[in-house]
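Each remark here refers to the structure printed beneath this line.
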Amino acid sequence: MSEAILKVDNLKKYFPIKGGLLQKVVGHVKAVDGISFEVKPGSTFGLVGESGCGKTTVGRTLLRLHENNGGSVIFDNKDIFKLNSKELRNIRPEIQLIFQDPYSSLSPKMPVGEIIGEAVREHKLVPEAELRGYVMQVMRECGLQDHHIDRYPHEFSGGQRQRICIARAIALKPKVVVCDEPVSALDVSIQAQVINLLMDLQKDRNISYVFISHDLSVVEHISDEVGVMYLGNLVEKAPKTEIFKNPMHPYTKALFSAIPTPDPTVKMNRIVLQGDIPSPANPPSGCKFHTRCRECMEVCKTTAPQYKNHGNDHFVACHLYDKK
Amino acid sequence: MWQYIVRRICIGVVVLMGVSMIIYGLIRTAPGDYVSTLTSSNPEVTQEMVDRLNELYGLNDSIPEGYAKWAAGVFRGDLGDSFIEQKPVAEVLSSKMWISFWMAFPAYILQILIAIPLGILSATKQYSKIDYAVTTIALMGMSLPSFFFAAILQRIFAQGLGWFPLSGMKTARMDYEGFALMLDMAKHLVLPVMVLTVLGIGGLMRYCRTNMLEVLNEDYIRTARAKGLSESKVVYKHAFRNTLIPIVTILGGMIPGLFSGSMITEGIFGIDGIGNTALTALRGGDIPYIMGSTLFMAALTLVGTLVSDVLYGVVDPRVRLK
Numbered sequence: 136m137s138e139a140i141l142k143v144d145n146l147k148k149y150f151p152i153k154g155g156l157l158q159k160v161v162g163h164v165k166a167v168d169g170i171s172f173e174v175k176p177g178s179t180f181g182l183v184g185e186s187g188c189g190k191t192t193v194g195r196t197l198l199r200l201h202e203n204n205g206g207s208v209i210f211d212n213k214d215i216f217k218l219n220s221k222e223l224r225n226i227r228p229e230i231q232l233i234f235q236d237p238y239s240s241l242s243p244k245m246p247v248g249e250i251i252g253e254a255v256r257e258h259k260l261v262p263e264a265e266l267r268g269y270v271m272q273v274m275r276e277c278g279l280q281d282h283h284i285d286r287y288p289h290e291f292s293g294g295q296r297q298r299i300c301i302a303r304a305i306a307l308k309p310k311v312v313v314c315d316e317p318v319s320a321l322d323v324s325i326q327a328q329v330i331n332l333l334m335d336l337q338k339d340r341n342i343s344y345v346f347i348s349h350d351l352s353v354v355e356h357i358s359d360e361v362g363v364m365y366l367g368n369l370v371e372k373a374p375k376t377e378i379f380k381n382p383m384h385p386y387t388k389a390l391f392s393a394i395p396t397p398d399p400t401v402k403m404n405r406i407v408l409q410g411d412i413p414s415p416a417n418p419p420s421g422c423k424f425h426t427r428c429r430e431c432m433e434v435c436k437t438t439a440p441q442y443k444n445h446g447n448d449h450f451v452a453c454h455l456y457d458k459k
Numbered sequence: 229m230w231q232y233i234v235r236r237i238c239i240g241v242v243v244l245m246g247v248s249m250i251i252y253g254l255i256r257t258a259p260g261d262y263v264s265t266l267t268s269s270n271p272e273v274t275q276e277m278v279d280r281l282n283e284l285y286g287l288n289d290s291i292p293e294g295y296a297k298w299a300a301g302v303f304r305g306d307l308g309d310s311f312i313e314q315k316p317v318a319e320v321l322s323s324k325m326w327i328s329f330w331m332a333f334p335a336y337i338l339q340i341l342i343a344i345p346l347g348i349l350s351a352t353k354q355y356s357k358i359d360y361a362v363t364t365i366a367l368m369g370m371s372l373p374s375f376f377f378a379a380i381l382q383r384i385f386a387q388g389l390g391w392f393p394l395s396g397m398k399t400a401r402m403d404y405e406g407f408a409l410m411l412d413m414a415k416h417l418v419l420p421v422m423v424l425t426v427l428g429i430g431g432l433m434r435y436c437r438t439n440m441l442e443v444l445n446e447d448y449i450r451t452a453r454a455k456g457l458s459e460s461k462v463v464y465k466h467a468f469r470n471t472l473i474p475i476v477t478i479l480g481g482m483i484p485g486l487f488s489g490s491m492i493t494e495g496i497f498g499i500d501g502i503g504n505t506a507l508t509a510l511r512g513g514d515i516p517y518i519m520g521s522t523l524f525m526a527a528l529t530l531v532g533t534l535v536s537d538v539l540y541g542v543v544d545p546r547v548r549l550k
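Here the protein sequences come in this chain order: X and Y. Going by the numbering used here, the first residue of the first sequence is number 136, and it counts up by one from there. Going by the numbering used here, the first residue of the second sequence is number 229, and it counts up by one from there.
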C-alpha cells in the first residue's frame with residue numbers, strides 16, 4: 136500500500152451563530168466535528184450521509200475554502216492550514232473541486248476556453264502559445280468538442296456543463312479532486328456518463344477523488360472506501376465491499392436499507408428512521424444518533440462511543456460493538 | 229434591435245404628449261400668470277392694456293385651445309418664444325444646457341471615480357469597519373439636503389477661507405479670455421460640483437456595493453478561488469466584470485440627464501443653467517419656457533432609460549455580435 140496523498144485528521148469546522156442586538160456569538164453549528172480519513176493515490180473515498188450532515192462543509196474545508204476550527208489536512212506532506220496565502224495558491228491546482236451545481240458554478244460571462252484555461256495560464260502549467268491547444272485537448276478528453284471553446288456556458292446542457300466543470304478541474308493536473316455531489320443535479324442517464332468520465336480520468340491520470348454524495352448506488356459504483364457521516368461525525372468507515380456486505384452502525388444499516396433494488400420481486404426490508412435529523416447547533420448528548428437509533432441503550436445517552444477499528448479496516452463508532 | 233428602438237421611441241412620444249398636457253394644465257391653473265406679475269405693481273396700467281397683453285401672450289385662450297396651439301407649434305419644430313428672455317425657447321435651452329452640462333459632467337466623472345472603488349471596497353470587506361464607515365458616509369451624503377450642504381460649503385470655503393467665489397459663473401468686471409477665462413470659470417464651479425458629487429456618490433456607491441455583493445456570493449466566485457486565482461483576479465476579473473454590466477447600464481442612462489440641470493444647486497450658486505432659468509420661469513409664469521424645458525427634461529429621461537436598456541445588450545458579452 137502506498138502512502139496516502141490526503142490525510143485528514145480530526146478536522147473540525149464550527150460556524151458561529153450570531154444573535155441579539157449586538158450580534159454576539161451565542162453558539163456554534165458544529166458542521167464538522169472531528170473527522171479523520173485518508174485517501175490513497177488513484178483511489179476514491181466516498182463520503183455519504185443525509186442532507187445537512189456536513190458533507191459539503193468537509194469538502195470545502197479540505198480545500199481551505201473555509202478556515203478550520205481544529206485538526207489538520209495533510210496534502211502531499213503539507214498541512215494545508217499552515218500554509219500562507221501564497222503557498223496555498225501554489226498548491227491549489229493540485230487539489231481541485233467540482234461543485235454540485237454546474238449552472239451557477241461557471242462564470243456566465245466567460246467563454247468556455249477562458250474558464251478552463253484561465254487558471255492554467257495563471258499557474259503557468261503550459262506555455263502561453265500552447266494554451267489553446269492544451270485546453271482543446273482537455274476538452275476532448277472530457278467529451279467536449281473543439282468548437283465549444285468559444286461558446287458561453289449558457290449554450291450548454293447540464294451534462295455538458297458538468298463536463299466543462301470537470302475539464303476545468305482536470306486541466307490543472309490535480310492529484311486530488313473533491314467532487315461535491317457532482318451528479319446529483321443531473322438526469323440519471325447523464326449521471327452514468329459523467330461518473331464513467333470521472334472513472335476514466337482517474338484511470339488515465341491516477342487522480343484521487345473525495346466523492347461526496349447522498350446517492351448510495353453511485354458511491355458503491357465509484358468508491359474504494361466509504362465513510363458514513365452523521366451530524367458532523369464519521370460513524371462508520373470501511374472498504375467498499377466490506378461496508379456494503381457488512382454494515383455495522385445502525386445508521387448505516389438504515390441508510391443502506393433504503394437503496395432501491397431494480398428487482399421488483401425482492402421484498403425490501405427497509406429500516407425507517409423516526410424523527411428528523413437533530414440540530415447540529417445543539418446535538419444530542421452521548422452518541423449523537425441515540426435519538427433515532429433502534430438499538431439505543433442507556434449508555435448511548437450519556438457517553439459518546441469510541442471510533443474504533445473492528446478488523447478489515449472497518450471503523451465504527453457505536454456502543455453495540457464495545458463488548459467484543 | 230432597430231424595431232425595438234423605434235417602438236420605444238413611439239411609446240416615448242405618447243408619454244411626452246401626456247406629460248406636456250399635464251404640465252400645461254397645471255401652469256395655466258396656477259395663480260399669478262405672466263401678465264399679472266408684469267402689471268400688478270404698476271398702478272398706471274389700465275384694464276384695457278391688461279386685456280391687450282393677455283391677448284398678445286395667448287392667455288385669453290381656454291386651456292385646451294392654448295395647449296392645441298402650443299402642440300401644433302411643437303409639431304412644426306417651434307417651441308415658441310420665452311416671455312421673459314424674449315427669445316425662442318429652443319435657442320435659450322440649447323445655450324443654457326451646456327452650462328448645466330459643464331457643471332454636471334465633472335461631478336459625474338468624480339462620482340464614478342469615487343463611488344465605484346468605494347463600492348467594491350465595502351463589498352469585498354462586507355460587515356467590516358471600513359464597510360460600515362463607507363456605507364454610513366454614503367447614506368449621510370444621500371440624505372443631506374443640497375441647499376444645506378451648499379450653504380455650509382459657501383460658509384467654509386467662500387466666506388471663511390476665501391478659496392473659492394461665493395456664487396456666479398465668472399468674476400464680474402473682469403474680461404478674462406482664453407485659458408484665464410476657463411480657469412476663472414473652473415474656480416467658480418468647484419463648490420457646485422462638490423455639492424453634486426457628494427449628493428450623488430451615495431446612491432451609486434450603494435448600487436455598486438449591492439451588485440458586487442450579489443456576484444461575490446455566486447458559486448463561480450468560489451470556483452475561481454478554488455482554481456487558485458489571486459484574490460485581486462477573483463475580485464476584479466470575475467466579480468467586477470459581472471458587476472460592470474448593471475453599472476455601465478445605469479451610468480449610460482445618466483448621461484442625457486447631465487443636460488437637465490439642477491434647480492436647487494444652480495439656484496444657490498447663481499449659475500445660469502437650465503435649472504436656474506426654469507426656476508425663474510416658474511416664478512414669472514413664462515409658459516413657453518416651462519413647457520419647453522419640461523418637455524426637454526422628460527425627453528432626456530426617456531432617452532436615458534432607452535440608452536441604458538440598449539447598453540445592457542451591448543455590454544453583455546453573450547450577445548455581442550461577431
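Each residue gets a CB set at the ideal place from its N, CA and C atoms; glycine is no exception.
Neighbour flag for residue i against chain X, beta carbons, 9 Å
i         : result
Ala454(Y) : yes
Leu372(Y) : no
Ser458(Y) : yes
Lys461(Y) : yes
Asn470(Y) : yes
Thr505(Y) : no
Glu446(Y) : yes
Ile492(Y) : no
Short CB-CB distance (under 9 Å) between residue i and chain Y
i         : result
Gln337(X) : no
Leu232(X) : yes
Met271(X) : no
Arg303(X) : yes
Pro243(X) : yes
His282(X) : no
Ile215(X) : no
Met136(X) : With a pLDDT of 49 at Met136(X), under the threshold of 50, the predicted position of this residue should be treated as unreliable, though the coordinate-derived value follows. So no, Met136(X) is outside the interface.
Glu257(X) : yes
Nearest to residue i (by Cα), restricted to the options the options
i         : options                                    : result
Gly252(X) : Ala302(X), Leu321(X), Leu232(X), Ala327(X) : Ala302(X)
Ser348(X) : Cys188(X), Pro288(X), Leu218(X)            : Cys188(X)
Lys165(X) : Pro228(X), Gly205(X), Ser292(X), Ser358(X) : Gly205(X)
Pro440(X) : Gly446(X), Asn447(X), Met432(X)            : Met432(X)
Ile478(Y) : Ser490(Y), Val538(Y), Lys465(Y), Ala509(Y) : Val538(Y)
Phe234(X) : Thr376(X), Asp359(X), Arg298(X), Ala389(X) : Arg298(X)
Leu157(X) : Gln275(Y), Leu381(Y), Tyr355(Y), Gly301(Y) : Tyr355(Y)
Glu360(X) : Met334(X), Gln280(X), Pro374(X), Ile226(X) : Pro374(X)
Met440(Y) : Gly480(Y), Thr352(Y), Ile384(Y)            : Thr352(Y)
Asn225(X) : Val255(X), Val208(X), Ser207(X), Asn203(X) : Val255(X)
Classification of residue i by the beta-carbon crowding that lies within 10 angstroms, buried from 16 upward
i         : result
Trp298(Y) : buried
Tyr448(Y) : buried
Thr437(X) : exposed
Pro151(X) : exposed
Glu263(X) : exposed
Local conformation of residue i per DSSP, three classes
i         : result
Pro151(X) : strand
Lys550(Y) : Low confidence applies here, because Lys550(Y) scores a pLDDT of 38, under 50, leaving its location unreliable and the question unanswered by this model.
Asn212(X) : coil
Gln231(Y) : helix
Thr425(Y) : helix
Leu146(X) : strand
Asp487(X) : No information on residue 487(X) is available, as it lies outside the stretch 136 to 459 that chain X covers here.
Ile299(X) : helix
Gln235(X) : coil
Phe391(X) : helix
Pro246(X) : coil
Met403(X) : coil
Asp309(Y) : strand
Proximity test, residue i beta-carbon vs the ligand ATP heavy atom, cut-off 8 Å
i         : result
Leu389(Y) : For the ligand ATP, the structure offers nothing, since it holds no ligand at all.
Count Cβ pairs between the region 308–326 of chain Y and the region 506–526 of chain Y that sit closer than 8 Å; are there 3 or more? Verdict: yes, contact present.
Touch check for the region 319–335 of chain Y and the region 491–510 of chain Y: three-plus C-beta pairs under 8 Å? Proximity of the region 319–335 of chain Y to the region 491–510 of chain Y meets the contact definition, three or more beta-carbon pairs being nearer than 8 Å.
Looking at C-beta atoms only, is the number of pairs between the region 483–495 of chain Y and the region 332–340 of chain Y that lie closer than 8 Å three or more? Counting Cβ pairs under 8 Å, three or more are found: they touch.
The region 359–367 of chain Y in contact with the region 424–436 of chain Y per 3-pair CB rule at 8 Å: Under the 8 Å Cβ criterion, the region 359–367 of chain Y counts as touching the region 424–436 of chain Y, having at least three qualifying pairs.
May I ask you to verify whether the region 445–465 of chain Y touches the region 302–313 of chain X, counting CB pairs closer than 8 Å and requiring at least 3? Taking 8 Å as the limit for Cβ pairs, the verdict is that the region 302–313 of chain X does touch the region 445–465 of chain Y.
Take every Cβ of the region 269–278 of chain X, pair it with every Cβ of the region 238–246 of chain X, and state whether three or more of those distances are shorter than 8 Å. No contact exists between the region 269–278 of chain X and the region 238–246 of chain X.
For the 8 Å Cβ check, are there 3 or more pairs between the region 327–338 of chain X and the region 348–358 of chain X? The way I'd put it, the region 327–338 of chain X does touch the region 348–358 of chain X; three or more beta-carbon pairs between them come closer than 8 Å.
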